[in-house]
Amino acid sequence: MKQYKVIISGGGTGGHIFPAISIANTLKKRIPGVQILFVGAEDRMEMDKVPAAGYEIVGLPVKGFDRSHLLNNIKVVRCLLRSLSLAKNTIRDFQPDIAVGVGGYASGPTLWMASSLGIPTLIQEQNSYAGVTNKLLAKKADRICVAYEGMDKFFPAEKIVVTGNPVRQDLEEARGKREEALNFFGLSPEKKTVLVVGGSLGARTINQSIQGDLDKFFASDVQLIWQTGRYYHEEAIRHLKAYRGIPVWCSDFISRMDFAYAAADLVISRAGASSISELCILKKPVVLVPSPNVAEDHQTKNALALVNNRAAVMVTDKDAPQKLVDTALSLIHDDDRLSSLSQQIGKMAHFHSAEQIVDEIMKIIERKS
Ligand SMILES: CC(=O)N[C@H]1[C@@H](OP(=O)(O)OP(=O)(O)OC[C@H]2O[C@@H](n3ccc(=O)[nH]c3=O)[C@H](O)[C@@H]2O)O[C@H](CO)[C@@H](O)[C@@H]1O
Numbered sequence: 034m035k036q037y038k039v040i041i042s043g044g045g046t047g048g049h050i051f052p053a054i055s056i057a058n059t060l061k062k063r064i065p066g067v068q069i070l071f072v073g074a075e076d077r078m079e080m081d082k083v084p085a086a087g088y089e090i091v092g093l094p095v096k097g098f099d100r101s102h103l104l105n106n107i108k109v110v111r112c113l114l115r116s117l118s119l120a121k122n123t124i125r126d127f128q129p130d131i132a133v134g135v136g137g138y139a140s141g142p143t144l145w146m147a148s149s150l151g152i153p154t155l156i157q158e159q160n161s162y163a164g165v166t167n168k169l170l171a172k173k174a175d176r177i178c179v180a181y182e183g184m185d186k187f188f189p190a191e192k193i194v195v196t197g198n199p200v201r202q203d204l205e206e207a208r209g210k211r212e213e214a215l216n217f218f219g220l221s222p223e224k225k226t227v228l229v230v231g232g233s234l235g236a237r238t239i240n241q242s243i244q245g246d247l248d249k250f251f252a253s254d255v256q257l258i259w260q261t262g263r264y265y266h267e268e269a270i271r272h273l274k275a276y277r278g279i280p281v282w283c284s285d286f287i288s289r290m291d292f293a294y295a296a297a298d299l300v301i302s303r304a305g306a307s308s309i310s311e312l313c314i315l316k317k318p319v320v321l322v323p324s325p326n327v328a329e330d331h332q333t334k335n336a337l338a339l340v341n342n343r344a345a346v347m348v349t350d351k352d353a354p355q356k357l358v359d360t361a362l363s364l365i366h367d368d369d370r371l372s373s374l375s376q377q378i379g380k381m382a383h384f385h386s387a388e389q390i391v392d393e394i395m396k397i398i399e400r401k402s
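Heads up, the sequence shown is in this note's numbering, so the first residue is 34 and it goes up one at a time.
The structure is reproduced here in structure tokens:
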């Protein structure tokens with residue numbers, strides 16, 4: 034059998050990296066001896082997370098455009114040119130059968146170069162809104178795997194396949210681990226638990242809303258698993274110092290998201306695409322606080338797709354400091370509401386997404402070889 038080689042490119046945040054790792058794991062399971070090389074952005078999260086998952090990664094010096102200070106972009110263009118040249122050399126050396134783009138800075142130069150060198154490409158778009166780079170790359174892509182209906186607004190209809198977003202395998206197995214999970218966080222099985230998570234980088238507004246209302250949580254006998262993100266962690270710890278002996282587990286990042294979901298009776302979350310796919314698969318009642326700082330407000334669109342099906346509650350970023358904790362606390366003590374949210378969100382789950390994406394990858398590489 035031919036030894037296939039696959040480049041997977043993209044990253045920047047967990048929302049792009051974890052689907053990529055899921056695709057890689059499924060490729061390894063399905064294609065014996067497949068060689069996989071990741072191409073990421075030099076100083077971003079993928080440079081740690083991808084090797085930790087057991088894969089090799091090459092870093093490009095690519096950076097995002099600075100829309101508010103145009104002069105800063107001279108350096109950005111220089112980095113882009115260097116990235117294109119490095120991507121070209123990497124592709125020529127590795128000789129992949131296909132390049133898969135999962136979004137984020139590095140996928141632009143890598144997939145662009147791959148197409149120019151005649152290598153087939155596949156894009157995985159996680160969101161209900163497509164960014165500029167993926168729209169450009171779509172013109173030359175062989176397949177575009179999406180998670181939402183109606184993506185023919187952005188991409189050629191004949192290239193689209195609805196596969197959903199790949200969810201890490203250990204998360205799919207999170208159900209039934211409640212006791213083990215609470216034990217892991219040092220929390221009690223007798224109390225209700227709220228998981229607070231601000232996407233892979235943490236969310237300032239969510240953290241400030243929690244910090245401002247910590248008293249209310251503990252007055253209502255609720256315990257917390259609180260992910261702050263690296264930039265906001267110190268401040269959160271400073272606030273927690275005022276409360277000794279309270280039931281809270283706080284960290285900048287949660288590696289065991291399977292345990293975090295398993296322990297949670299209710300989740301407070303940003304509305305990033307992978308987080309939403311995970312919440313659907315695990316049927317978790319959730320209060321979504323979409324980030325207002327993303328392209329075309331796409332997190333609000335992600336969130337509304339659920340809210341319109343009575344599958345989640347939404348609090349806007351602007352309203353969060355006044356309303357978030359009260360909304361969460363009124364929900365967590367209402368078992369009927371929790372169970373109805375859980376049922377509705379479960380209906381929106383998309384299973385076996387990584388397998389379907391790998392089916393598409395295999396169709397392309399087998400056709401071309
Ligand atoms: C600010 C920003 O640009 N956000 C985008 C980014 O979000 P972000 O990277 O936050 O992405 P998602 O919400 O889609 O996914 C977060 C992922 O990180 C994991 N996780 C999170 C926290 C933690 O402590 N540990 C952990 O493992 C989650 O389980 C999930 O797998 O990519 C998403 C997918 O394209 C977009 O929808 C988001 O709008």
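By construction, the Cβ of each residue, glycine as well, lies at the ideal position given by its N, Cα and C atoms.
Check: Sequence-distant residues of its chain with Cβ nearer than 8 Å to ASP99 (five each side left out); Outcome: ASN105, ASN106, VAL109
Check: Closest Cα partner of GLU212 within the set ALA344, GLY232, SER42, ALA293; Outcome: ALA293
Check: LEU215, enclosing beta strand (DSSP E) - first and last residue; Outcome: Not the beta strand (DSSP E): LEU215 falls in the alpha helix (DSSP H), residues 211-218.
Check: Start-to-end residues for the alpha helix (DSSP H) that takes in GLN241; Outcome: 237-245
Check: GLY173 versus ALA147: straight-line alpha-carbon distance, rounded; Outcome: In the sequence on display, residue 173 carries Lys and not Gly. Rounded to whole angstroms, LYS173 to ALA147 spans 10 Å at the Cα level.
Check: Same chain, Cβ closer than 6 Å to ALA387, neighbours up to 5 away in sequence not counted; Outcome: SER55, ILE56, THR59, PRO199
Check: Closest by C-alpha distance to ASP254, when choosing among THR226, GLN260, ILE239; Outcome: THR226
Check: Buried or exposed by the 16-neighbour rule on C-beta atoms within 10 Å, applied to HIS49; Outcome: buried
Check: Proximity of GLN377 and ARG343 at Cβ, strictly below 7 Å; Outcome: yes
Check: Segment contact flag, the segment 365-381 with the segment 328-346, C-beta cutoff 8 Å, min 3 pairs; Outcome: yes
Check: Distance cut-off 6 Å: GLY387 Cβ against heavy atoms of ligand 1; Outcome: In the sequence on display, residue 387 carries Ala and not Gly. ALA387 Cβ: outside cutoff for every heavy atom of ligand 1.
Check: Extent of the continuous beta strand (DSSP E) to which LYS225 belongs; Outcome: 225-230
Check: Exposed unless 16 or more other CB atoms sit within 10 angstroms - verdict on ASN167; Outcome: buried
Check: Alpha-carbon to alpha-carbon, CYS283 and GLY245; Outcome: 15 Å
Check: beta-carbon MET381 near ligand 3 non-hydrogen atom, thresh 6 Å; Outcome: As for ligand 3, it is missing from this structure, which binds only ligand 1.
Check: Length at least 3, wholly inside the segment 234-307: the beta strand (DSSP E) runs in chain order; Outcome: 255-260, 281-284, 299-302
Check: Nearest candidate by alpha-carbon position, reference ASN122, set VAL72, GLU393, LYS249, ILE398; Outcome: VAL72
Check: Beta-carbon spacing of PHE51, ARG208 below 7 Å; Outcome: no
Check: For ILE107, three-class secondary structure by DSSP; Outcome: helix
Check: Nearest neighbour of PRO371, chosen from VAL320, HIS385, GLN332 [CA to CA]; Outcome: According to the sequence provided, residue 371 is Leu. The question's Pro does not apply to it. For the residues VAL320, HIS385, GLN332, the minimum Cα distance to LEU371 belongs to VAL320.
Check: Classification of SER42 by the beta-carbon crowding that lies within 10 angstroms, buried from 16 upward; Outcome: buried
Check: Identified DSSP bridge partners for ARG176; Outcome: LEU155
Check: Cβ-Cβ distance between GLY136 and LEU144 below 7 Å; Outcome: no
Check: Contact set for PRO323: own chain, Cβ-Cβ below 6 Å, skip 5 residues either direction; Outcome: ALA304, GLN332, THR333, ALA336
Check: Cβ-heavy atom distance, THR405 to ligand 1, below 6 Å; Outcome: The structure shown does not extend to residue 405, since the chain spans only 34 to 402, so no value can be given for it.
Check: Straight-line gap, VAL229 to GLN260 (C-alpha atoms, nearest Å); Outcome: 6 Å
Check: Rounded distance between the beta-carbons of LEU315 and ILE365, thought under 8 Å; Outcome: Incorrect: roughly 17 Å between the Cβ atoms, too far for contact.
Check: Spatial distance of GLY45 from ASP330 (CA atoms); Outcome: 18 Å
Check: Beta-carbon spacing of GLU311, ARG176 below 7 Å; Outcome: no
Check: Exposed unless 16 or more other CB atoms sit within 10 angstroms - verdict on SER101; Outcome: exposed
Check: VAL67 in three-state terms, based on DSSP; Outcome: coil
Check: Beta-bridge pairing of LEU117 - partner residues as DSSP gives them; Outcome: LEU117 is not bridged to any residue.
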